[in-house]
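J.: Protein chains in written order, with the numbering used here: chain D, 6 to 292; chain C, 189 to 604.
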Amino acid sequence: MSDKKTTGVAPAAPAAPAAAARPSCLRGTGVTKVFGFGETRTVAVDHVDFDFHEGEIISIVGESGSGKTTISKMLLGLISVTEGQIDFQGKPRDISSHKKKNEYWKGIQAIFQDPFSSFNMFNKIDAVLLDCINMRGGKNLPKEEKVRLMTEACSFVNLKYAELTNKYPFELSGGQMQRLMIARIFLLKPKILLADEPTSMIDACSRATILDMLLKLRDEINMTIIFITHDIGLAYYISDSVYIMEHGKFVESGGADEVILTPKADYTKRLISDVPKIYEEWDLSTV
Amino acid sequence: MLNTIKQVFRSPRFLIGFIIFALMLLTVIFYPLFVKADPLAMVGNGNFFKPGTYVNVSETVTANRYTLNVDVSGAAKLDRQLNESDRSKMADWLIRFGGVDEAEIDTSDSVALVELWKNNYSPDADQPGLISTDKKSFERLDKRIDEILSSSGIIIATEEEDGTLTESETIDETSYVNINDLATTQTFVLGTDNFGRDVLTELVAATTTSLRIGLIAGLIATAIGLILGLIAGYLGGLVDDIITFITNLFTVIPSFVILILISYSVGQSARGVGLVAMIIGFTSWTWTTRSVRSQVISLRNRDHVNLSKLSGHSMFRIIFTDILPYIASYVVMALILQISSGILAEAQLSMLGLGPATTKTATLGLMMNWAMQYSAHLNGSWWAYFPVILTIALISFSLNLMNTGLDQVFNPQLRD
Ligand SMILES: Nc1ncnc2c1ncn2[C@@H]1O[C@H](COP(=O)(O)OP(=O)(O)OP(=O)(O)O)[C@@H](O)[C@H]1O
Ligand SMILES: [Mg+2]
């Protein structure tokens with residue numbers, strides 16, 4: 006990992022002592038995404054390098070428009086990579102056909118920012134969960150077994166399957182929908198979970214529940230979680246290592262303690278100093 | 189789903205449009221069940237008979253007769269039988285050729301007017317500036333006045349074997365027949381057209397055909413637009429560029445011009461109802477394509493589509509389950525508009541003489557075309573074209589009303 010060229014970027018040092026032994030599950034070199042051409046040309050992600058290890062929680066932190074969603078879509082294989090290479094579990098990622106993509110998506114799944122637009126509002130909740138069972142090869146399981154799996158998944162996220170069956174996703178609250186998303190992940194058991202600001206659209210109370218569930222997923226299934234957020238405090242709370250993103254580039258990376266307690270890049274310092282400022286302002290206004 | 193339908197029917201605009209359209213549809217369906225006559229049968233021997241009930245004259249003579257004591261003599265009778273134009277015609281003659289002072293004439297007093305007329309009118313008088321048809325029409329008017337004045341009734345005579353006529357009976361002024369006693373009456377609610385065909389029956393048949401043309405054209409246009417829009421919007425890239433180019437090409441050339449050119453080149457004999465409908469359909473898909481495409485583009489990057497991809501669904505499944513349901517309401521609205529504009533396009537084409545060339549079916553456009561060719565609008569035969577215009581207007585009015593109603597219901601949903 007000493008081959009990183011981007012200036013100011015420290016090697017992604019694993020946080021936990023044992024992490025050095027953990028194998029790499031997703032590694033990128035010079036990954037770039039350019040949208041449009043001519044006057045509308047935007048470099049959303051600009052030659053970034055990264056190395057994510059199994060069983061870690063990695064945060065990508067950046068302001069709005071810094072390219073977080075773009076990089077997550079590239080990692081998911083939902084949009085093409087303009088330049089650079091992504092290795093999946095030590096081998097170059099191959100998603101050239103529909104079949105290979107399906108194989109890849111058994112290993113990597115996602116939770117999106119807006120729960121209200123994440124579900125097809127014409128499909129019932131059962132259909133969403135059954136899809137996951139089918140994808141894991143459970144198409145021919147007896148009906149009771151499928152119901153048992155769905156019930157188990159629902160109770161993992163503190164939902165009751167009996168109350169959800171035959172309902173539509175839009176009949177749930179935002180927090181419930183996001184939990185349903187996690188139930189989906191629980192059924193799919195992918196190696197890597199990409200969570201793109203999963204808590205930014207829901208209330209603080211549900212937020213804590215969601216974060217706890219993500220941690221539980223990591224602990225129980227040894228899932229690698231890539232957590233995308235604009236909230237550096239949240240990143241510190243949840244993650245093992247942190248990547249700081251500014252204008253499509255990683256300006257700093259490393260263990261969560263190292264990056265946040267001893268920031269080197271100006272951008273990181275600004276992000277950190279922004280956090281207490283907000284609370285100070287709040288205090289003033291309430292006094 | 190059920191909820192949405194309820195919501196749609198609660199929109200007053202949709203409801204009004206729907207009721208008008210449903211009434212027309214019901215008429216079109218049920219009228220032929222009651223009136224079995226061939227809609228294009230030439231019943232009237234002549235052009236443009238007025239709307240009304242036509243009674244067989246010989247039957248009125250033989251039918252059971254009733255005597256009613258209604259005042260039919262003198263002034264009342266004159267009042268009734270001499271209409272405005274007769275009176276002004278009489279006044280005109282009297283002033284110009286009869287040497288009567290204008291102040292003496294009061295056209296509202298029919299008794300005095302007739303007296304003046306009888307005293308002054310003579311067919312042999314010098315009538316400078318009048319052509320012989322005009323002179324004849326005054327003679328006819330004079331004769332009619334004589335008939336009205338004579339109270340002797342009408343004499344029915346029978347012809348004997350040797351050729352002499354014998355009076356068999358007299359129909360006097362107070363004789364009436366009950367219209368229900370007459371076996372053969374013919375009612376033309378909307379009169380007859382230039383070929384002597386019953387306009388109402390023809391109109392119902394024409395509306396059926398026009399609706400069918402609109403439906404075929406609308407379905408074709410919507411199907412093409414939907415498929416091309418889905419492909420271009422979902423696939424993007426080169427495919428999108430090609431489809432957009434073709435669409436723009438068709439948009440730049442006004443579709444009505446293409447419509448005229450194709451209709452013309454197909455030739456008179458080949459242009460049946462079905463072909464015209466298809467030509468209209470194949471030239472009006474562009475705006476459906478454009479709007480479906482832009483809707484799909486905004487949908488294809490939505491998270492629920494991404495989630496569907498991550499769940500391993502095929503492209504067709506994603507298009508059918510994650511994209512189509514979201515634009516379904518929009519497609520229905522596009523279809524309604526396409527039907528309405530298809531009907532209008534047929535009417536325009538037919539009025540130019542490029543519509544379906546057929547003597548077996550009528551369309552709304554053809555009816556307009558016939559009425560115009562025989563100058564119905566110039567000779568006051570309003571019944572030959574006005575009901576047609578009204579029908580076309582009602583169809584497009586009701587369809588557009590339904591559409592704005594749907595728009596009201598669906599668009600807030602599409603926006604959030
Ligand atoms: N499909 C696209 N076409 C063109 N430009 C795009 C597209 N998607 C993103 N961009 C641009 O790429 C840049 C990064 O966008 P991105 O959505 O990755 O930001 P983000 O970090 O996720 O922001 P946020 O926190 O607001 O979600 C932005 O400038 C955006 O305008
Ligand atoms: Mg984003």
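Ideal placement from N, C-alpha and C gives every residue a C-beta, glycine not left out. Quick caveat, the model's predicted, so the values are computed rather than measured.
1. Based on the DSSP output, what are the partners of C/Leu353 in its beta bridges?
2. Roughly how many angstroms separate the alpha carbons of D/Ile62 and D/Met250, rounded to a whole number?
3. Just to confirm before moving on: does the CB-CB distance between D/Tyr272 and D/Ser64 stay below 8 Å?
4. Could you tell me whether any non-hydrogen atom of ligand 2 is closer than 7 Å to the CB of D/Gln118?
5. Are there any heavy atoms of ligand 1 lying less than 7 Å away from the beta-carbon of D/Thr74, as far as the coordinates show?
6. Mind checking if C/Asp148 is an interface residue toward chain D, Cβ cutoff 8 Å exclusive?
7. Drop a sphere of 10 angstroms on the beta-carbon of D/Glu225, count the other beta-carbons inside from all chains shown, and report buried for 16 or more, exposed for fewer.
8. Kindly indicate which three-state DSSP category D/Tyr166 falls into: helix, strand or coil?
9. Using the three-state DSSP reduction, which class does D/Ala115 fall into: helix, strand or coil?
10. Whole angstroms are fine: how far does the CA of C/Gln315 sit from the CA of C/Asp289?
11. Using a Cβ-Cβ cut-off of less than 7 Å, give me the residues of the stretch 104–122 of chain D that come near chain C, in sequence order.
12. For the alpha helix (DSSP H) that contains C/Leu214, what are its first and last residues?
13. Under a three-way DSSP split, which group does D/Pro174 fall into?
14. What residues of chain D sit near C/Ser497, judged by a beta carbon separation below 7 Å?
15. Rounded to whole angstroms, what's the CA-CA distance from D/Asp258 to C/Leu495? Just pull it up for me.
16. Which whole-angstrom value describes the C-beta separation of C/Gly341 and C/Ile359, a residue pair presumed to lie in contact below a C-beta threshold of 8 Å?
17. Using C-beta distances below 6 Å, list every residue in its chain close to D/Ile187, excluding the 5 sequence neighbours before and after it, in chain order.
18. Less than 7 Å between the CB of D/Asp217 and some heavy atom of ligand 2, yes or no?
19. Taking only three categories from DSSP, how would you classify C/Gly417?
20. Please indicate yes or no: does the CB of D/Phe40 lie closer than 7 Å to some heavy atom of ligand 1?
21. Measure from the C-beta of C/Phe598 to each C-beta in chain D and report whether the shortest distance is under 8 Å.
22. Can you give me the C-alpha to C-alpha distance between C/Ile580 and C/Phe222, rounded to a whole angstrom?
23. So the alpha helix (DSSP H) C/Phe470 belongs to, where does it begin and stop?
24. Find the residues of chain D that neighbour C/Gly500, judging by a C-beta separation of less than 7 Å, and give them in chain order.
25. What do you reckon, is the C-beta of C/Asp428 under 7 Å from a heavy atom of ligand 2?
26. Are the C-beta of D/Phe55 and some C-beta of chain C separated by less than 8 Å?
27. Please confirm whether C/Leu602 has its beta-carbon closer than 8 Å to some beta-carbon of chain D.
28. Since D/Gln107 and C/Gly500 are thought to touch, with beta carbons under 8 Å apart, how far apart are those beta carbons, to the nearest angstrom?
29. Contact between the stretch 516–535 of chain C and the stretch 552–572 of chain C is defined here as three or more beta-carbon pairs at a separation below 8 Å; is this criterion met?
30. From D/Ile100 to D/Asn145, what does the alpha carbon distance come to, in whole angstroms?
31. Assuming D/Leu31 is part of the alpha helix (DSSP H), what are its boundary residues?
32. Please list the segments of the alpha helix (DSSP H) lying wholly inside the stretch 509–565 of chain C, counting only runs of 4 or more residues, in order along the chain.
33. Counting contacts by CB-CB distance shorter than 8 Å, is D/Asn227 in contact with chain C?
34. According to DSSP, is C/Leu487 helix, strand or coil?
35. So with Cβ pairs under 8 Å, would you call D/Asp136 a contact of chain C?
36. Can you name, in chain order, every residue of its own chain whose Cβ lies under 8 Å from the Cβ of C/Thr255, other than the five neighbours on each side?
T.: Let me lay it out:
1. Here residue 353 of chain C is taken as the residue at index 165 of the second sequence, counted from 1. According to DSSP, which records beta bridges pairwise, C/Leu353 is partnered with C/Glu347.
2. Reading the first sequence from its first residue, position 57 is the one you call residue 62 of chain D. Reading the first sequence from its first residue, position 245 is the one you call residue 250 of chain D. Their Cα atoms are separated by approximately 16 Å.
3. Along the first sequence, read from residue 1 onward, the residue named residue 272 of chain D stands at position 267. Along the first sequence, read from residue 1 onward, the residue named residue 64 of chain D stands at position 59. Note that the C-beta distance between D/Tyr272 and D/Ser64 is not below 8 Å.
4. Here residue 118 of chain D refers to the residue found at position 113 when the first sequence is read from its first residue. Flag set: Cβ of D/Gln118 near ligand 2.
5. Locating residue 74 of chain D in the first sequence gives position 69, where the first residue counts as 1. D/Thr74 Cβ: within cutoff of ligand 1.
6. Because chain C spans 189 through 604 in this model, residue 148 of chain C falls outside it and cannot be assessed.
7. The residue you call residue 225 of chain D lines up with position 220 of the first sequence. Exposed, since its Cβ has fewer than 16 Cβ neighbours within 10 Å.
8. The residue you call residue 166 of chain D lines up with position 161 of the first sequence. In the structure shown, D/Tyr166 sits in a helix (DSSP, three-state: H, G or I).
9. Residue mapping note: residue 115 of chain D aligns to position 110 of the first sequence, counting from 1. Three-state DSSP puts D/Ala115 in a strand.
10. Residue mapping note: residue 289 of chain C aligns to position 101 of the second sequence, counting from 1. Residue mapping note: residue 315 of chain C aligns to position 127 of the second sequence, counting from 1. About 17 Å.
11. Flagged, chain order: Asn107, Trp110, Gln114, Ala115, Phe117, Asp119 and Ser122.
12. In the second sequence, counting from the first residue as 1, residue 214 of chain C sits at position 26. Start and end: Pro200 to Phe222.
13. As a first step, residue 174 of chain D must be located in the first sequence, where it is residue number 169. In this structure, D/Pro174 counts as helix in the three-state DSSP scheme.
14. By one-based count along the second sequence, residue 497 of chain C stands at place 309. One detail in the question is off: residue 497 of chain C reads as Lys in this sequence, not Ser. Residues of chain D with a Cβ closer than 7 Å to the Cβ of C/Lys497 are, in chain order, Leu83.
15. The sequence position of residue 258 of chain D within the first sequence is 253, counting from 1. The sequence position of residue 495 of chain C within the second sequence is 307, counting from 1. With the sequence shown as reference, residue 258 of chain D is identified as Ser, and Asp is not the correct amino acid for it. Taking the straight line joining both Cα atoms gives about 29 Å.
16. Here residue 341 of chain C corresponds to residue number 153 of the second sequence, with the count starting at 1. Here residue 359 of chain C corresponds to residue number 171 of the second sequence, with the count starting at 1. Confirmed, Cβ separation roughly 5 Å.
17. For this step, residue 187 of chain D is matched to residue 182 along the first sequence. The answer, listed in chain order, is Val162 and Met218.
18. Working through the first sequence from its first residue, we reach residue 217 of chain D at position 212. Outside the cutoff, so no.
19. The residue labelled residue 417 of chain C in the question sits at position 229 within the second sequence. In the three-state scheme derived from DSSP, where H, G and I count as helix and E and B as strand, C/Gly417 is classed as helix.
20. Position 35 of the first sequence, counted from the first residue, corresponds to residue 40 of chain D. Indeed, a heavy atom of ligand 1 lies less than 7 Å from the Cβ.
21. Within the second sequence, residue 598 of chain C is the residue found at index 410, counting from 1. C/Phe598 does not count as touching chain D.
22. For the purposes of this step, residue 580 of chain C is taken as residue 392 along the second sequence, with counting starting at 1. For the purposes of this step, residue 222 of chain C is taken as residue 34 along the second sequence, with counting starting at 1. Each residue's Cα considered, the two are about 23 Å apart.
23. As a working mapping, residue 470 of chain C is identified with position 282 in the second sequence. Val461 to Phe470 is the span of the alpha helix (DSSP H), which, as asked, contains C/Phe470.
24. Against the second sequence, residue 500 of chain C aligns to sequence position 312. Contact note: C/Gly500 reaches chain D through Asn107, Trp110 and Met140, using a C-beta cutoff of 7 Å and chain order.
25. Start at 1 with the first residue of the second sequence, and residue 428 of chain C comes out as number 240. False, no ligand heavy atom lies under 7 Å from that Cβ.
26. Locating residue 55 of chain D in the first sequence gives position 50, counting from the first residue. No, D/Phe55 does not count as interfacial toward chain C.
27. The residue you call residue 602 of chain C lines up with position 414 of the second sequence. Because C/Leu602 sits at a pLDDT of 47, beneath the cut-off of 50, its placement in the model cannot be relied upon, and the following sentence gives the value as read from the coordinates. Output row for C/Leu602: interface = no.
28. Translated into positions along the first sequence, residue 107 of chain D becomes position 102. Translated into positions along the second sequence, residue 500 of chain C becomes position 312. Looking at the sequence shown, residue 107 of chain D is not Gln but Asn. Contact holds; Cβ gap of about 4 Å.
29. Contact between the stretch 516–535 of chain C and the stretch 552–572 of chain C is present, because at least three Cβ pairs lie under 8 Å.
30. The count along the first sequence starts at 1 and reaches residue 100 of chain D at position 95. The count along the first sequence starts at 1 and reaches residue 145 of chain D at position 140. One alpha carbon belongs to D/Ile100, the other to D/Asn145, and they sit about 27 Å apart.
31. Along the first sequence, read from residue 1 onward, the residue named residue 31 of chain D stands at position 26. In the DSSP assignment, D/Leu31 falls outside any alpha helix (DSSP H) and within the unbroken beta strand (DSSP E) covering Ser29 to Phe40.
32. Given a length threshold of 4 residues, each whole run of the alpha helix (DSSP H) inside the stretch 509–565 of chain C is given here in chain order: 512–539 and 552–561.
33. Working through the first sequence from its first residue, we reach residue 227 of chain D at position 222. Chain C contact via Cβ: absent.
34. If you number the second sequence from 1, residue 487 of chain C lands on position 299. Of the three classes helix, strand and coil, the one that applies to C/Leu487 here is helix, per DSSP.
35. Translated into the one-based positions of the first sequence, residue 136 of chain D becomes position 131. D/Asp136 counts as touching chain C.
36. Counting from one through the second sequence, the residue named residue 255 of chain C turns up at place 67. Here C/Thr255 has Thr362, Ser363 and Tyr364 as same chain residues with Cβ atoms under 8 Å from its own Cβ, once five neighbours each way along the sequence are excluded.
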